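Per the working numbering, the very first residue in the sequence shown carries number 955; after that it's consecutive.
Just below is one structure, and these are the notes that go with it.
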Amino acid sequence: MKKLTISGLVIFVVFFLAATLVWFVHDKDIYKRLKYNETFHQSSISKLNIDSYSSDITITQGSSFRVKYYGDNSIKVNTQKGSLNVKESRSSKRGYSFNLNPFKRSKFNIHITIPPDKLKQLNIDAKLGKLNINNIDIKKARIRKDGENLNIKEAKLDRIDYYSDHGTINIKNSDIKNSQFKVIHSNIVVNHCTLKNGLFITNEGKLDFKNMPSQIDMKSSSKKGDINIDYKTKPKDTLLKLHPGMGDNNIKNPYFKDSKVGNSYNIIECYNVKGDINIK
């Protein structure tokens, strides 16, 4: 009798695991499935509006305006008065019960391509999900995110207003003018970018400016964290205004004399409460 009980239990466990595996694999295909794929050829489109629930968003250059969506949420896309509008909302079929399938925890994706020199304005409201902006020119943008990273590379940005509760800001090989980036709890990393009238603020986190060109003009602030500026080439016509609270000023770049190189065409202002300010 005991052997029969054990044998029955083993058979039950084997079939249960097999059924669970089939369920997981079946759902994996669903969540990676391309749900929406549409190209828009209207020459009048100059504005992009995105309202995202949980997806990672990638915006990159392409030959035309095109929207792809991978996932099982509800997605609505339309054009109106020169605007391309993309709205993602939670699927009503999913319900609110606790989910055990690991593939349902994987990220959904919105992928948008933009033709060169067509986008004049970008508006994004995103609850969760990473935002990737690659190789595009943006004249004006307002971006609000609850969390997760912002990644920008090979882009030209003007008049960008970005705010997030948390999630690292990574900007690389880009040209940034008249823009502000604010995050409450995270680091800001800017690598090999031209900056003109830029503002970078974090309440709690480091600000790292790496491999910077000879002329940058910006303000940065952190209540709790170091501010590091590392020049790739000899600084030119720059004035430093450094205001550490409880930390130190460490100007290790040999070209600065009395916090200045040449004329004061470019001004770098740094403020923090707890942390050092390091110039290399």
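By construction, the Cβ of each residue, glycine as well, lies at the ideal position given by its N, Cα and C atoms.
These numbers come from a predicted model, not from an experiment.
Legend entry - Contact between the region 1072–1083 and the region 1022–1032 (3+ Cβ pairs under 8 Å): no
Inset, instruction - Taking 8 Å as the cut-off, decide whether the C-beta atoms of S1140 and G1121 are in contact. - result: yes
Inset, instruction - Please determine if the region 1193–1209 and the region 1146–1153 are in contact, where contact requires at least 3 C-beta pairs separated by less than 8 Å. - result: no
Legend entry - Cα-Cα separation, Y1007 to N1207: 45 Å
Legend entry - From I1155, N1182, Q1169, residue whose alpha carbon lies closest to that of F1163: N1182
Inset, instruction - Please name the residue or residues paired with P1198 in a DSSP beta bridge. - result: DSSP, once it has assigned bridges, lists N1226 as partnering P1198.
Legend entry - Inter-residue Cα distance where the pair is K982 and K1061: The predicted position of K982 is uncertain, since its pLDDT is 48 and thus under 50; no value can be drawn from it.
Legend entry - Where I1066 falls: helix, strand or coil (DSSP): Of the three classes helix, strand and coil, the one that applies to I1066 here is strand, per DSSP.
Legend entry - Assumed close pair L1193, S1218 - CB separation to whole angstroms, cut-off 8 Å: Rounded to whole angstroms, the Cβ separation of L1193 and S1218 is 4 Å, and the two are in contact under 8 Å.
Inset, instruction - Determine, using beta-carbon pairs with one atom in the region 1088–1096 and one in the region 1061–1075, whether at least three such pairs fall under 8 Å. - result: yes
Inset, instruction - Confirm, please, whether the CB-CB distance from N1003 to N1039 is below 8 Å. - result: yes
Legend entry - Distance between Q1169 and I1221 (C-alpha atoms, nearest Å): 9 Å
Legend entry - Rounded C-alpha distance that separates F1052 from R1044: Unreliable placement is indicated for F1052, whose pLDDT of 42 sits below 50; no coordinate value is reported for it.
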